[in-house]
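Chain order of the listed sequences is A and B. Using the working numbering, the first residue of the first sequence is number -3, and each one after it goes up by one. Using the working numbering, the first residue of the second sequence is number 93, and each one after it goes up by one. Backbone N, C-alpha and C fix where the C-beta goes; we use that ideal spot for every residue, glycine too. Treat the numbers as computed from the prediction; the structure is a model and nothing was measured. To keep things clear, I will list the structure first and then write my remarks on it.
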Amino acid sequence: MATEQLTAWVIDHKFDRETCRHSMNGFDAVLHCHHYASLYCQLADDAEQFNGRDLLKRSSELSFLNVLSNYFAEHEISDLTDRIALAEEYWQMCGFGTLKFDHVGELSAAAHMNHSHVDEGWIKKWGNRDKPVNFIGQGYVAAALAAIYGLPAGSYDVYETQSIVSGADASCFSLVRK
Amino acid sequence: MAVDRNTIIDAMSQVKATSNNEGLIPAFNVLVTQAPTTLWNNFADLITNSVDPDLKPAAEALLVNAAHECGYHTGYGIITSEEWDAVCGPMIEGVEDVLHGAYAVFTAWGWAKSEIVELIPGEKMVVRAYDYYEADVVQRGNLDSPCAYMIQGVSAAFMDLAYGGQYDPTGKTGLRTFKCEQVKGIECGDDYGEFVVTRA
């Protein structure tokens, strides 16, 4: 019988008593609530004239791509399956919900979230809406796929094709290489 | 008994945020995330530097508001939590102690190494922050105007909770009874950030 080695994210959480900062795997980390995330997403959504949604997606992608790429390099993770599993696990570890890649290729991928901090937080705060709000999640899946293939930020277009905030059972994301 | 900041920081900095099977972290009556600080800094930096200069104050006000609501609801969740009762509860004799304790927790959880340096009950509070992640947007040189929007919003919220009347989960009353002005910032070249909270 074959055995399966499950890859698990090794959490390196430190608190620096001098600066009073927390770091997770070498990157400063901070707790924030769903009110904060919802209001950031609302600001991004309202700032249509300045591509606010894209700014938040890009902010997320740049932030998480650093973390994931650094982790893969530091822990010498090169196997595709391991990288996918770790990217899914890290998102969950941060409290942003669940993430599962349905398929992954260098040119395209699809992923879904059965639970989403941003969507469920938005619903708790304001209720449903008919357009996606998870710009942070869109940035994360782009970051994850770029990190998996060792590509720079901005390598993928992301389309959120259905959303928990709009009443769907899951949020679904489609990614295409630019 | 006076509030012992070091005891609170030592204890509360050890509280772990662990996600459940749904990948969510329900805590203090809200859902929380533990994300890299760059996520929040990147957006604040990009949005305030993307808008037309005449719209920048409006964008900044919305970033402050995000923290104001966050600080109000999460702050209430914290000061009514079991963790608070266990660590801070024995030190609390009045509203002012709650505020001092809240800044010790604020420090312990990595939002800002901060403390109250002046407090006129019900009227005014001055907070100093000696290290905070929002200053990290500047790596060389100084900004013309400060950008610690999160500390501004949360500081106003803490005064709302202390002196703004009964907590209102809808945020319709009690919230925004105070406002905060940041008068110094590490990001502007000052040794510390200074935040002055007064009645709105």
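Taking Cβ-Cβ distances shorter than 7 Å, what residues in chain B pair up with residue i?
{"i": "Cys90 of chain A", "result": "Thr125, Gln126 and Ala127"}
{"i": "Thr157 of chain A", "result": "Going along chain B, no residue has its Cβ under 7 Å from Thr157 of chain A, so there is no contact; the nearest lies around 20 Å."}
{"i": "Gly117 of chain A", "result": "Leu123"}
{"i": "Leu51 of chain A", "result": "Phe135, Leu138, Ile139 and Ser142"}
{"i": "Gly48 of chain A", "result": "Ile139"}
{"i": "His18 of chain A", "result": "Gly202"}
{"i": "Ser175 of chain A", "result": "Nothing can be reported for residue 175 of chain A: it is not among the residues displayed for chain A, which extend from -3 to 174."}
Looking at the C-beta of residue i, does it have a partner C-beta in chain A at a distance below 8 Å?
{"i": "Phe250 of chain B", "result": "no"}
{"i": "Leu191 of chain B", "result": "no"}
{"i": "Ala307 of chain B", "result": "The first residue shown for chain B is 93 and the last is 292, placing residue 307 of chain B beyond what the model contains."}
{"i": "Ile243 of chain B", "result": "no"}
{"i": "Cys162 of chain B", "result": "yes"}
{"i": "Ile101 of chain B", "result": "yes"}
Below 6 Å CB to CB, which residues in the same chain sit around residue i once its five sequence neighbours on both sides are set aside?
{"i": "Glu102 of chain A", "result": "Tyr145"}
{"i": "Phe60 of chain A", "result": "Tyr136 and Ala139"}
{"i": "Ser105 of chain B", "result": "Ala200"}
{"i": "Asp189 of chain B", "result": "Val95"}
{"i": "Glu57 of chain A", "result": "Gly135, Ala138, Ala139 and Ala149"}
{"i": "Asn110 of chain A", "result": "Thr94 and Ala166"}
{"i": "Arg268 of chain B", "result": "Ala292"}
{"i": "Thr(-1) of chain A", "result": "Reliability fails at Thr(-1) of chain A, whose pLDDT of 46 lies under 50, so the model's placement of it is uncertain and no value is given."}
{"i": "Gln23 of chain A", "result": "Here residue 23 of chain A is Phe; the residue named in the question, Gln, does not match the sequence. These residues qualify, in order along the chain: Val63."}
{"i": "Tyr225 of chain B", "result": "Thr129"}
Which residues in the same chain have their Cβ closer than 7 Å to the Cβ of residue i, if we skip the five residues on either side of it in sequence?
{"i": "Gln134 of chain A", "result": "Lys53, Val154, Glu156 and Phe169"}
{"i": "Val80 of chain B", "result": "Here chain B covers residues 93 to 292 and nothing more, so residue 80 of chain B does not appear."}
{"i": "Asp41 of chain A", "result": "Gly48, Arg49 and Val129"}
{"i": "Ala142 of chain A", "result": "Leu61, Pro148, Ala149, Ser151 and Tyr152"}
{"i": "Glu84 of chain A", "result": "Leu95, Lys96 and Phe97"}
{"i": "Glu152 of chain B", "result": "Thr140 and Tyr241"}
Please confirm whether residue i has its beta-carbon closer than 8 Å to some beta-carbon of chain B.
{"i": "Asp8 of chain A", "result": "no"}
{"i": "His113 of chain A", "result": "yes"}
{"i": "Met(-3) of chain A", "result": "With a pLDDT of only 44 at Met(-3) of chain A, under 50, the local geometry of the prediction cannot be trusted, and no value is derived from it."}
{"i": "Val129 of chain A", "result": "no"}
{"i": "Ser104 of chain A", "result": "no"}
{"i": "Val137 of chain A", "result": "no"}
{"i": "Ala43 of chain A", "result": "yes"}
{"i": "Arg54 of chain A", "result": "yes"}
{"i": "Glu0 of chain A", "result": "Because Glu0 of chain A carries a pLDDT of 49, less than 50, the predicted location of this residue cannot be relied on, and the following value inherits that uncertainty. So, not an interface residue."}
Output, in chain order, the set of chain A residues within a Cβ distance shorter than 9 Å of residue i.
{"i": "Glu174 of chain B", "result": "Residues of chain A passing the Cβ test: none, with the nearest at roughly 17 Å."}
Leaving out five residues before and five after residue i in sequence, what residues of the same chain have Cβ atoms less than 8 Å from its Cβ?
{"i": "Gly245 of chain B", "result": "Leu155, Val156, Asn157, Ala158, Ala159, His160, Glu161, Cys162, Gly163 and Cys272"}
{"i": "Trp176 of chain B", "result": "Ile170, Gly193 and Val197"}
Confirm, please, whether the CB-CB distance from residue j to residue i is below 8 Å.
{"i": "Met217 of chain B", "j": "Glu207 of chain B", "result": "no"}
{"i": "Cys37 of chain A", "j": "Val114 of chain A", "result": "yes"}
{"i": "Arg79 of chain A", "j": "Phe68 of chain A", "result": "yes"}
{"i": "Ala249 of chain B", "j": "Gly167 of chain B", "result": "yes"}
{"i": "Leu35 of chain A", "j": "Gln126 of chain B", "result": "no"}
{"i": "Glu124 of chain B", "j": "Ala103 of chain B", "result": "According to the sequence shown, residue 124 of chain B is Val rather than Glu. Going by C-beta atoms, Val124 of chain B is not nearer than 8 Å to Ala103 of chain B."}
{"i": "Leu171 of chain A", "j": "Ala81 of chain A", "result": "no"}
{"i": "His30 of chain A", "j": "Val122 of chain B", "result": "yes"}
{"i": "Val143 of chain B", "j": "Phe92 of chain A", "result": "no"}
{"i": "Gly257 of chain B", "j": "Gly266 of chain B", "result": "yes"}
{"i": "Cys16 of chain A", "j": "Ile101 of chain B", "result": "yes"}
{"i": "Ala204 of chain B", "j": "Ala221 of chain B", "result": "yes"}
{"i": "Tyr255 of chain B", "j": "Gly202 of chain B", "result": "no"}
{"i": "Ala136 of chain B", "j": "Cys239 of chain B", "result": "yes"}
{"i": "Asn112 of chain B", "j": "Val229 of chain B", "result": "no"}
{"i": "Gly117 of chain A", "j": "Ala33 of chain A", "result": "yes"}
{"i": "Leu147 of chain B", "j": "Ser55 of chain A", "result": "no"}
Just checking residue i against the ligand SAH - is the residue's beta carbon closer than 7 Å to any of the ligand's heavy atoms?
{"i": "Asn134 of chain B", "result": "The ligand SAH is not among the ligands present in this structure, which contains no ligands whatsoever."}
Could you tell me which chain B residues have their CB closer than 8 Å to the CB of residue i, listed as they occur along the chain?
{"i": "Val63 of chain A", "result": "Pro128"}
Would you mind telling me which residues of chain B sit closer than 9 Å to residue i, beta carbon to beta carbon, in chain order?
{"i": "Arg125 of chain A", "result": "None at all; the shortest Cβ gap to chain B is about 18 Å."}
Taking residue i as the query, report the chain A residues whose CB atoms sit under 7 Å from its CB, ordered along the chain.
{"i": "Lys205 of chain B", "result": "Thr15 and Cys16"}
{"i": "Leu154 of chain B", "result": "Leu39"}
{"i": "Thr290 of chain B", "result": "Within chain A, no residue comes near Thr290 of chain B; the closest Cβ sits about 23 Å away, beyond 7 Å."}
Got a sec: which bits of the segment 20 to 38 of chain A sit with their beta carbon under 9 Å from any beta carbon on chain B, in order along the chain?
-> The segment 20 to 38 of chain A vs chain B, Cβ under 9 Å: Met20, Phe23, Asp24, Ala25, Val26, Leu27, His28, Cys29, His30, His31, Tyr32, Ala33, Ser34, Leu35, Tyr36 and Gln38.
Using a Cβ-Cβ cut-off of less than 9 Å, give me the residues of the segment 67 to 100 of chain A that come near chain B, in sequence order.
-> Answer in chain order: Trp87, Gln88, Met89, Cys90, Gly91, Phe92, Gly93, Thr94 and Leu95.
What residues in the segment 251 to 285 of chain B have a beta carbon less than 8 Å from any beta carbon of chain A?
-> The segment 251 to 285 of chain B vs chain A, Cβ under 8 Å: nothing.
Please name the residues in the segment 141 to 168 of chain A whose beta-carbon is closer than 7 Å to at least one beta-carbon of chain B, in chain order.
-> Taken residue by residue, none of the segment 141 to 168 of chain A has a beta-carbon sitting less than 7 Å from a beta-carbon on chain B.
Chain-ordered residues of the segment 210 to 233 of chain B with a beta carbon less than 7 Å from chain A | Look at the segment 210 to 233 of chain B: the residues with a C-beta under 7 Å from a C-beta of chain A are Asp223 and Tyr225.
Check distances from the C-beta atoms of the segment 103 to 121 of chain B to those of chain A and list, in chain order, the residues that come in under 7 Å.
-> From the segment 103 to 121 of chain B, only Ser105, Ala109, Ser111, Glu114, Gly115, Leu116 and Ile117 have a Cβ closer than 7 Å to chain A.
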